[in-house]
Ligand SMILES: [Zn+2]
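Numbering (the numbering used here), first residue to last: 426 to 661.
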């Protein structure tokens with residue numbers, strides 16, 4: 426196995442512009458449940474009832490309960506060694522940015538700076554009507570917006586909403602510039618996030634606990650994300 430870790434380390438050293446893309450599999454090793462696996466969140470909750478624009482407008486209590494639970498789960502966890510290694514790689518200028526589908530804020534917590542949160546962040550809150558920035562306590566306490574009396578929502582992208590333009594275009598620009606894209610912990614099933622990497626002319630490496638073989642990559646490493654990054658780091 427050592428040779429594949431070394432090969433990835435060599436790719437990192439050779440590339441002048443490397444972008445990392447992360448999905449739910451990056452955070453499962455921190456104890457955050459993913460969405461679509463056997464024990465995933467969407468097996469227990471119907472996303473149409475708790476995570477849509479319709480729920481926000483017509484079933485706020487359901488949505489509020491769901492995201493209060495998600496917020497609680499996140500507060501109890503923290504970034505793992507893999508998050509910290511990625512932050513170190515940015516410091517050492519081995520990677521330029523991280524594009525993440527995760528809303529848990531772990532990349533920021535680990536010290537990464539150039540992060541594109543294309544599905545938003547559960548660490549940001551705003552009024553659903555006037556957009557006034559708000560905070561966690563106001564959301565959890567169901568306080569009305571001081572500006573307009575509207576309800577406070579989490580700053581994540583709900584089903585039925587477009588991805589935030591600034592983050593999405595920023596992510597696309599990064600991928601276009603990339604000589605190397607490393608995809609970590611995503612089954613690449615949720616669009617448009619799943620198609621962003623196809624905008625690169627660079628090499629693409631895929632790291633995940635499972636690989637179904639449907640999509641082709643220049644290199645695939647199967648296993649636990651945190652351990653793989655740790656092994657690769659030994660060659661840098
Ligand atoms: Zn408001």
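Backbone N, C-alpha and C fix where the C-beta goes; we use that ideal spot for every residue, glycine too.
Just so we're clear, the structure is a prediction, and the values are computed from it rather than from any experiment.
Check	Outcome
Every unbroken beta strand (DSSP E) within the region 455-539, with a cutoff of 3 residues, ordered by chain	522-525
Assigned exposure category for residue 594 - 16 Cβ within 10 Å defines buried	exposed
Any non-hydrogen atom of ligand 1 closer than 8 angstroms to residue 557 Cβ	yes
Three-state secondary structure assigned by DSSP to residue 605	strand
The alpha helix (DSSP H) enclosing residue 653, as first and last residue numbers	650-658
Alpha-carbon spacing of residue 599 relative to residue 526, whole angstroms	15 angstroms
Contact set for residue 592: own chain, Cβ-Cβ below 7 angstroms, skip 5 residues either direction	541, 542 and 543
Beta carbon of residue 611 nearer than 9 angstroms to that of residue 447	yes
Distance cut-off 8 angstroms: residue 572 Cβ against heavy atoms of ligand 1	yes
First through last residue of the alpha helix (DSSP H) which encompasses residue 429	427-439
Reduced DSSP category for residue 631 - H, G, I as helix; E, B as strand; rest coil	strand
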